[in-house]
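Okay, so the sequence shown: first residue is 1 according to UniProt numbering, each after it adds one.
Worksheet: the structure to be examined is printed underneath.
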Amino acid sequence: MARRATIDDLAAAAGVSVSTIDRVLNGRAKVRPATAEKVLAAAEAIGFYATPLLRERLGQARPIRHLGVLLLQSNRSFYRLVGDALREAALGSPDVALEVAHMDDLTPEAVATQMLEMGERVEALAVVAAEHPRVTEAVERLAERGVRTVALITTLVAPSGVSYVGLDHRKVGRTAGWAFAHLCRSPGRIGVLVGSPRYRNQELNESGFRSYLREHAPDFTVLEPLSTFEDRAVAREVTERLLVQEPDLRGLYISGGGISGVLTALKEAGRRDLVVVGYDRMESTVNGLIDGTLTLVIAHPLQRLAAECLAALRDCAEDPGRRPGDRLVAFEILTAENL
């Protein structure tokens with residue numbers, strides 16, 4: 001029969017003193033949260049008999065962190081999925097009270113106002129926002145109150161510092177460039193659709209895309225980007241016009257919002273000959289991959305994104321005077337064959 005792990009064994013496994021283990025078990029004196037977490041991890045690893053008590057003590061010691069996230073419009077499938085993933089992640093964190101809201105008005109003034117309003121109720125705030133002086137001003141005003149901002153999905157820059165959680169968008173763009181270089185049957189003209197140039201992630205997507213083709217496939221011609229303004233109706237109209245103006249188009253890179261409108265235009269035009277690269281796993285992109293309208297999708301892993309966002313917000317709430325580091329999440333590549 002295996003010997004039952006003792007307090008001495010736990011102290012050795014956790015790299016702390018027996019007296020520290022006693023303080024964690026009995027709550028006789030304060031122990032740093034990081035130390036208590038280390039003791040719990042060691043207890044779980046060695047099968048310590050009082051692990052349930054340690055979990056209970058640790059749960060009691062954690063203050064409830066009030067955290068907030070502001071996402072883009074709720075009528076956009078991707079941001080509904082992001083919100084769902086964040087709420088699910090928060091359910092597994094008993095020390096987190098999470099508020100998730102969607103912004104219908106994306107004017108810089110409205111975004112800044114919503115940031116400041118949510119900042120009255122939370123200890124740290126994550127936001128998806130385009131760069132603008134009004135947004136930067138809101139970040140600074142929140143920082144003065146001790147409420148740090150985390151940039152989610154697209155980066156923001158402010159004097160007080162803004163942590164980022166999301167993809168490495170230069171790599172995303174270069175991966176899209178690689179896809180066109182290897183999947184197009186011959187070089188030609190490639191169309192580019194962006195949502196708004198004020199979203200830094202889309203700017204980096206495009207620059208990475210162009211840099212890859214410039215270095216490795218210079219026979220391709222990348223057209224000037226066309227803006228969809230993150231709207232499916234505009235995206236559909238822009239795509240229809242592009243297909244008429246560029247009958248010899250070899251491919252289409254959808255770097256911004258409105259992808260469902262783009263896919264509708266491509267289907268109606270019967271353009272299955274194009275290599276088309278878009279973003280994120282949702283009903284429209286899955287259907288596009290299955291029916292052949294889309295060739296490849298570069299996607300956020302939503303559960304991982306949500307977990308990293310909550311971790312960044314918790315870090316900000318626990319130590320608002322320090323800017324936590326960025327948290328880059330590896331992207332997924334989807335085709336019709338790995339759905």
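Positions of the beta carbon are idealized from the N, C-alpha and C atoms, including for glycine.
- Ala124 is positioned such that its CB atom lies no closer than 8 Å to that of Arg87.
- About 6 Å separates the Cβ atoms of Leu67 and Ala317, confirming a contact at the 8 Å cut-off.
- Pairing Arg272 with Gly292 gives a Cβ-Cβ distance under 8 Å.
- Here the stretch 255-262 lies against the stretch 189-199, with 3 or more beta-carbon pairs under 8 Å apart.
- Within the same chain, Arg232 and Ser284 come within 7 Å of Ser260 by CB-CB distance, once the 5 residues on both sides are set aside.
- Along the length of the stretch 125-168, whole beta strand (DSSP E) runs at least 3 residues long occupy 148-152 and 163-166, reported in chain order.
- About 6 Å separates the beta carbon of Glu140 from that of Pro159, a gap short enough to meet the 8 Å contact definition.
- In terms of CA proximity to Glu337, Thr295 leads the group Thr295, Glu109, Arg323 and Leu310.
- Leaving aside the five residues that flank Leu54 on each side, the residues in its chain whose CB is nearer than 6 Å to its CB run, in chain order, Leu40 and Ala43.
- Using a 10 angstroms sphere on the CB of Gln303, the tally of other CB atoms stays under 16, which defines it as exposed.
- With at least 16 other beta carbons inside 10 angstroms of its own, Pro225 counts as buried.
- If you keep only unbroken alpha helix (DSSP H) runs of at least 4 residues inside the stretch 219-285, you get 232-245 and 259-269.
- Cβ-Cβ distances below 6 Å link Gly251 to Phe180, Cys184, Ile190, Leu274 and Val275 in the same chain, with the five nearest sequence neighbours on each side left out; the list follows chain order.
- DSSP places Arg4 in the coil class of the three-state scheme, outside both helix and strand.
- Around Glu246, the same chain offers Arg189, Gly191 and Leu223 as residues with beta carbons nearer than 8 Å, after the five sequence neighbours per side are excluded.
- Selection Glu203, Val157 and Asn75 evaluated against His169 yields Glu203 as nearest (Cα-Cα).
- In the DSSP assignment, Ile333 falls outside any alpha helix (DSSP H) and within the unbroken beta strand (DSSP E) covering Glu332 to Leu334.
- With 16 or more other Cβ atoms inside 10 Å of its own Cβ, Pro324 counts as buried.
- DSSP, read as helix, strand or coil, puts His102 in strand.
- Looking at the DSSP output, Ala217 shares a beta bridge with no other residue.
- If you check the CB distance, Val100 and Met115 do not come in under 8 Å.
- Collapsing the DSSP output to three states places Gly15 in coil.
- In the DSSP annotation of this structure, the continuous segment of the beta strand (DSSP E) that includes Ala299 starts and ends at Leu296 to Ala299.
- The beta carbon of Leu10 sits closer than 8 Å to those of Ile21, Val39, Ala42, Ala43, Ile46 and Phe48, all from its chain and outside the five residues before and after it, given in chain order.
- Taking all protein chains shown into account, His182 has fewer than 16 neighbouring C-beta atoms within 10 Å of its C-beta and is therefore exposed.
- Counting C-beta atoms within 10 angstroms of its own C-beta, Arg145 has fewer than 16 neighbours from the protein chains shown and is therefore classed as exposed.
- For Arg189, the enclosing beta strand (DSSP E) starts and ends at Arg189 to Val194.
- Arg55 sits in a helix when the DSSP states are folded into three classes.
- Residue pairing from DSSP places Ala97 in a beta bridge opposite His66.
- Each residue's CA atom was taken as its position, placing Leu152 and Thr6 some 44 Å apart.
- In this structure, the CA atom of Thr228 is about 20 Å from the CA atom of Thr155.
- Residue Thr35 holds the alpha-carbon nearest to the alpha-carbon of Val16 among Tyr212, Thr35 and Gly278.
- DSSP, read as helix, strand or coil, puts Leu10 in helix.
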